[in-house]
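Single-structure report; data block below.
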Amino acid sequence: MYTLVVCEKPAAARRIAQALGESTELRHGGISIFEVKNSAHHYKICTALGHLYGLNDVTKNKSVYPVLDLEWAPVAKNPQVIRAINAISELAKDASSFVHACDYDQEGEVIGHSILQYACGDKYAEALRAKFSTLTDEEIRDSFTNLAKPNWGLAEAGRSRHMLDFIYGVNLSRALIRSFKSIGRYRNLSIGRVQGPTLAFAVNREMEIRLHIPDPYWIITAEFDKDGQIFSAQYEKPKVDKPAEAKAIIDACVGRNGTVNNISDKESMLPPPVPFNIGDLQREAYNLFKLSPGYTLAIAEKLYLQALISYPRTSSQKLPSSIGYDKIISGLSKIGKYSQLVSMLLSKEKLVPNEGRMTDPAHPAIYPTGVVPRHKLSGLELRVYDLIVRRFLAAFGDTAVSRHINVTIDVSGYIFKAGGMTLTYEGWMVLYKPYVRFNQRKLPKLHKGDLLRNWSIEMEEKFTQPPYRYNQASILAKMEQEKIGTKATRADIISTLFKRNYLAACKGGLEVTDLGFAVIDSMREFAPSIVSTNMTRLMEEQLANVEQGSAHSMSVIEQAVDRLLESLASFIEKEDDIGAQINSAVSADTAQASVLGQCPLCKKGQLCIVRSRTTQKRFVGCSNYVGGCKATAPLPQKGSIRITGKACLECSWPLIGVVFARGTKQWRICINTHCISKKRDTT
DNA sequence: GCAAGGTC
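All letters in the first sequence, in the order written, are residues 728 to 1410 by this note's numbering.
Have a look at this one:
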C-alpha cells in the first residue's frame, strides 16, 4: 500500500520526489511517475499537466444560447491528458492515502481537486494537502511533515472562477457572433473578463490621442562657454506659455554673460537590477529586441525545455540560495563569453543577489541553470538566453554610483539650469553591459562665481504631445498594474486581440481598429461590466467570500447569470443594429488594410489586394477597374503580405513585404512582373 | 466558433 501524491506538472513531481528521498522513475501507462520507498514511507508521485479537467457546455451545441449548463470533463483534445488521467485512475485503485501537492494557489487547488474527485473517485475530502511556497527540499519536506486538510473553500472559489469566466465570456462572445450573423455574415468574435478591459485600455488611450489638442509653448536654451568648452543650459521654467514672455527673456539676456550661482554635487546609488520574472523579461525583450511578449514566452519555454534556464512562468523576483549559486556560476564560467564576467563575481567575498518584492507560490525568479547549450541556439534564442544570463549575473553585482552636478546660472537676473550626470563606479553595469541604458552628460569644471561667456540664446516653439501609444510591452504592464489576467495568460490575451483584428500593429506601438472600437462600443452600451476592471474586482471580492465560507458558490453564480441575462435581453433586441455597426467597421478595416498605393498606370485608382471570386486566389487590382484601368499583378499565394507604403525605385509600382513564417525575414518584392529589376535578375 | 486558466 502506498500514498499517491498528485502534482501539477512534471518538473514539480521530479523535485518533490527528490526531496522526499531516493526516488526511481517508472513508466506507467505511457507517463512518467516517481516512486519513493523507505522504512518510513512509500510514495507514488504522479503528475498533471496543468488542468486535466475543464468546463464543457453540456449541450455541446454551439448554436445554443445562452449556455448556462456546464459540466467538468477531461480536456479531451489533448491525448497526453487522457493518458495521464488513465494512469492516475489506475494508481488510485491501490492507494491507501492521497496527498494533494499541486501549487498552493487557487488554480492549483482546482487542478488537484478535479483529479482527486474525478480520476481517483471522490478522494478530495480524505486527501491531505502539502503546502509549499517554493520547490526547495526544505520546504517540500516541511510541507509533508505538516500535511494540512484540503481547502474546500479555495477549491470552490476556483471552480466558481472558471464558471463565471465561461458564462460571461462564451455567452457575450456568442452574442457578438450572432449579431454579425443576423445580417448574413460570419466572423469569429470574442470578448471576456480580461479581453474586454485590455481592449478598453487601448481604446481609451486611442481616444486621448485623437482628442489631444496640441498647445504651443516655448523653450529657451542658452549656450555658455567655459574656457573653450561649450555647454547648454535651459531657462528655469521649462515651458514658457507666451511668445512675448520668451522674447522678453531673450532680449534681456542676449549678449549678457552669466555667473555661476549655485552648484550642487551629489552622488546617488544605483542598485543592481532584480532578477527577471516573466513580465519583466517580456518587457525588457520588447524594449531591447522588439519581441512580442508571446514570442518571448515561447522562446523562454524552449530554453527551459533544453534545461538552459529555470521555469519561466514565474512572478517571483527572488533567488533563494537553495538554487545553488556556485553550481550555476561555475557552469556559466565554461561558456567562453561569460568566463571573464564570472571571475569578476567570484572575486567577491559573498554572493548576495538584489531581489525584488514579488514572489511566486511555486518558483523562484528566472535564472540560467549553468548547463552549457548542447546545440547552437538560433539568433533570437541566443539573445533571450544572453539577456537572462547577464541579468542573473548583474543581480549579484555591486551597487553602481553616479554623480549628478546641477548648476544654476544667473544672466541679468534670469536663471538657467544645466545638469551633468556621470558614472563614478560601474558596479553591476559591467555585468549587464550591452543592455544598460545610462546616458552620461558632461559639464566643464565649474565653480561658484565663475563668469561664463554667453555663446548663444534661442527660443524654440514646441507643442504639447499626446500620450504615447501602448505597445505590446506597456499594455502588458498595464494589465499587471490593474491586476487582470495572470503571468501565464497575459501575452495570450494580447495576441488574441490581434488575432481577432481588434488591435493592429502600427508605427510607435499598437492601435485599435474600427472593429475593436465597434466591439467596445456595443459592450459599453449593453454589458458595461465586461469592459471594466470592476468585474474582476467584484468577482475577487465574491470569490474571497466563497473561499471563507461566507457566501455560496451557487448564489454568486446565480447573481452573475441574472446580470448576464439582463444584458443579453437588450443585446438581442438591438442585434441587427449591432451587426450592421460591426459590419461597417469590418469593411472599413479591410478596405484600409488592402490598399497598396496609387495605381502607376491610371494614376486615379488605388492598387488593392483582392481575391478572385472564381479561383479564390489573391492578386492585385486597381480600384479604377470599373473606370477601365487594367492594372493587375500576381501575388504569392502563401505567406502574409505586409504593406510597405514604398514604391519600387525602378518602376514606381508598390513594393510589398512577404513573411512566410513568424520570426523569419521579410522578403521585399516589387509586384510589377514587367519591372526592369526582374529582367536583370534573369540575365 | 466563444473565456481564462493551467502546462508541454
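All C-beta atoms in this analysis are idealised placements derived from N, C-alpha and C, irrespective of residue type, glycine included.
In this structure, the alpha-carbon of residue 1159 lies about 10 Å from that of residue 1068. Boundaries of the alpha helix (DSSP H) harbouring residue 879: 879-908, taken from the DSSP string. Under the three-state reduction of DSSP output, residue 1219 falls in the helix class.
Taken through DSSP and simplified to helix, strand or coil, residue 1224 comes out as helix. Under the criterion of beta carbons closer than 8 Å, residue 1179 and residue 951 qualify as touching, at roughly 4 Å. In this structure the segment 922-941 lies against the segment 1182-1193, because at least three pairs of beta carbons, one per stretch, are closer than 8 Å.
Cβ neighbours of residue 944 within its own chain (closer than 8 Å, five residues either side excluded): 966, 967, 968, 1188, 1189, 1190, 1191. The three-state reading of DSSP puts residue 1022 in helix, counting H, G and I together.
Where residue 992 is concerned, the enclosing beta strand (DSSP E) starts and stops at 985-997. In the structure shown, the three-state DSSP call for residue 773 is strand. A distance below 6 Å between beta-carbons, with the five flanking residues on each side excluded, links residue 829 to the following residues of its chain, in chain order: 735, 835, 838, 839. Looking at the DSSP output, residue 1015 bridges to nothing. Residue 1228 sits buried, since 16 or more C-beta atoms from the chains shown fall within 10 Å of its C-beta.
Between residue 1252 and the set 1354, 750, 1301, the nearest pair of CA atoms involves 1301. For residue 809, the closest of 1281, 1241, 881, 758 by C-alpha to C-alpha distance is 758. Restricting attention to alpha helix (DSSP H) runs no shorter than 4 residues, the segment 829-861 encloses them at 833-841, ordered along the chain. Residue 1287 is a Cβ neighbour of residue 894, given a cutoff of 8 Å. Under the rule that a run must span 4 or more residues, no alpha helix (DSSP H) segment is found entirely inside the segment 1343-1372.
For residue 1233, the enclosing beta strand (DSSP E) has its first and last residue at 1230-1233.
When Cβ pairs closer than 8 Å are counted between the two stretches, the segment 1297-1311 is seen to touch the segment 1240-1257, the count reaching three or more. In the three-state reduction of the DSSP assignment, residue 756 falls in the coil class.
Residue 957 is classed as exposed because its beta carbon has fewer than 16 other beta carbons within 10 Å across all chains shown.
Ranked by Cα distance from residue 989, the options 1370, 1215, 1176, 804 are led by 1176.
In this structure, residue 1123 lies near residue 1072, with their beta-carbon atoms less than 8 Å apart. No residue range can be given for residue 917, since it is assigned to no beta strand (DSSP E) and is classified by DSSP as neither H nor E. By the Cβ test, the segment 1127-1145 is not in contact with the segment 1031-1048, since fewer than three Cβ pairs between them sit closer than 8 Å.
Annotation: the continuous beta strand (DSSP E) that includes residue 1190 extends over 1178-1190. Taking each of 1101, 1315, 1155 in turn and checking the Cα distance to residue 1127, the smallest one comes out for 1155. 8 Å or more divides the Cβ of residue 797 from the Cβ of residue 755.
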